[in-house]
Amino acid sequence: MDTGDGKGRQGLLQRLLGRLNRRASAGSEEELQQLIDESEQRGIIDEEEGDMLQSILELDETYLREIMVPRTDMVCVDAAAPLTQVLEAILQSGHSRIPIFKGNIDNIIGLVYAKDLLPYWGQSLDNIPLETVLRQPFLVPESKQVSVLLREFRETRVHIAIVIDEYGGTAGLITIEDLIEEIVGDIQDEYDLEEEWLIADPDGTVVVNGRLNIEEFEEYFDVEVEREKFDTISGYVIEQFGQVPVVGKKIRVGQFDMLIEKGDQRSIQQIRIFPLSSEPGDDAD
49 MDTGDGKGRQ GLLQRLLGRL NRRASAGSEE ELQQLIDESE QRGIIDEEEG
99 DMLQSILELD ETYLREIMVP RTDMVCVDAA APLTQVLEAI LQSGHSRIPI
149 FKGNIDNIIG LVYAKDLLPY WGQSLDNIPL ETVLRQPFLV PESKQVSVLL
199 REFRETRVHI AIVIDEYGGT AGLITIEDLI EEIVGDIQDE YDLEEEWLIA
249 DPDGTVVVNG RLNIEEFEEY FDVEVEREKF DTISGYVIEQ FGQVPVVGKK
299 IRVGQFDMLI EKGDQRSIQQ IRIFPLSSEP GDDAD
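Each number in the working numbering corresponds to the 1-based position in the sequence shown with 48 added.
This is how it looks when you write it as structure tokens:
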């Protein structure tokens with residue numbers, strides 16, 4: 049590639065990064081988008097780098113409730129339990145940070161980090177007061193923007209937070225890895241599930257995890273879903289059907305026929321999606 053225009057390219061890139069750091073208004077957002085497009089066209093950044101910069105722009109439009117680990121997937125320990133039980137939870141779950149609750153999970157009083165137990169290795173943990181290793185929880189509302197929390201994580205040097213719903217209950221938790229993932233794409237952290245969330249089978253059907261983000265569903269199937277009160281494919285199905293459908297139920301949702309393969313009275317865990325031409329389904333009733 050011709051590098052004779054090096055100074056011009058460098059100046060454009062500096063402008064782009066500078067404006068990303070101080071973006072504020074809708075007008076500047078449009079200017080930034082133009083700069084990103086221009087940078088890609090002129091070869092200053094490649095497509096992957098352009099996607100990352102685009103993701104940074106979208107951080108202001110993404111909220112914690114969309115990307116958090118939900119409370120149903122949290123591994124927590126009662127404050128009344130001995131520290132040996134906390135250590136057991138760390139070893140069994142693979143999580144290095146365990147939320148501690150008092151009474152119920154809606155009352156998270158702190159977290160225990162695995163590294164804080166290391167000084168007591170070889171000792172009887174049951175004789176060590178919980179307060180000795182308990183860290184204060186960083187509580188954040190589920191309505192907070194990802195960009196704001198990323199900045200707070202950087203300023204406080206805390207990398208995990210408990211997400212609170214509008215009633216003060218525990219909605220979930222979020223880590224700095226979850227936030228970075230919004231910029232650079234999927235990375236594995238200790239709270240990620242290992243199974244595939246979307247699997248295309250040879251017969252043309254697609255099996256999805258109920259927690260699949262609705263945006264990923266839209267992108268894969270090239271559709272647009274109107275939504276206000278849900279962020280996952282299971283939330284979409286429940287909203288359309290009016291209740292949690294039982295396992296084995298086939299329903300028509302939007303442009304798709306869906307078979308509920310796994311779930312319980314409270315949630316949908318796995319759905320098989322059929323192209324309408326290959327497998328007729330029942331209309332949602």
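From the three backbone atoms N, C-alpha and C, an ideal C-beta is built for every residue, glycine too.
Task: Residue environment, G258, which counts as buried when at least 16 other CB atoms sit within 10 Å - done: buried
Open item on the list: Just to confirm before moving on: does the CB-CB distance between V211 and I222 stay below 7 Å?
Closed with: yes
TODO: Compare the Cα-Cα distances from V301 to each of V271, E264, S315, S172 and report the closest residue.
DONE: V271
Open item on the list: With distance defined between alpha-carbon atoms, name the residue in S144, D251, L159, H143 nearest to K150.
Closed with: L159
Task: Buried or exposed by the 16-neighbour rule on C-beta atoms within 10 Å, applied to E242 - done: Residue placement at E242 is poorly supported in this model, since its pLDDT is 45, which falls under 50; the coordinates still yield a value, given next. The residue is exposed, with fewer than 16 neighbouring Cβ atoms inside 10 Å.
- [ ] Please confirm if the region 111-119 is in contact with the region 137-148, defined as three or more CB-CB distances below 8 Å between the two stretches.
- [x] no
- [ ] Taking the CB atoms as reference points, tell me whether G217 and D279 lie closer together than 7 Å.
- [x] no
TODO: Taking 8 Å as the threshold, find out whether the region 123-138 comes into contact with the region 159-168 through three or more Cβ pairs.
DONE: yes
TODO: Determine the direct distance from the alpha carbon of M306 to that of V294, and round the result to whole angstroms.
DONE: 12 Å
- [ ] Might you give, ordered along the chain, the residues of its own chain that have their beta carbon closer than 7 Å to the beta carbon of G296, omitting 5 neighbours on each side?
- [x] I308
TODO: Output yes or no for whether 7 Å exceeds the beta carbon distance between F322 and T253.
DONE: yes
- [ ] Could you give the DSSP three-state label for Q184: helix, strand or coil?
- [x] coil
Task: D305 in three-state terms, based on DSSP - done: strand
Open item on the list: Mapping the DSSP letters down to three states, classify V255 as helix, strand or coil.
Closed with: strand
Open item on the list: If I follow the unbroken beta strand (DSSP E) through A219, where does it start and stop?
Closed with: 218-223
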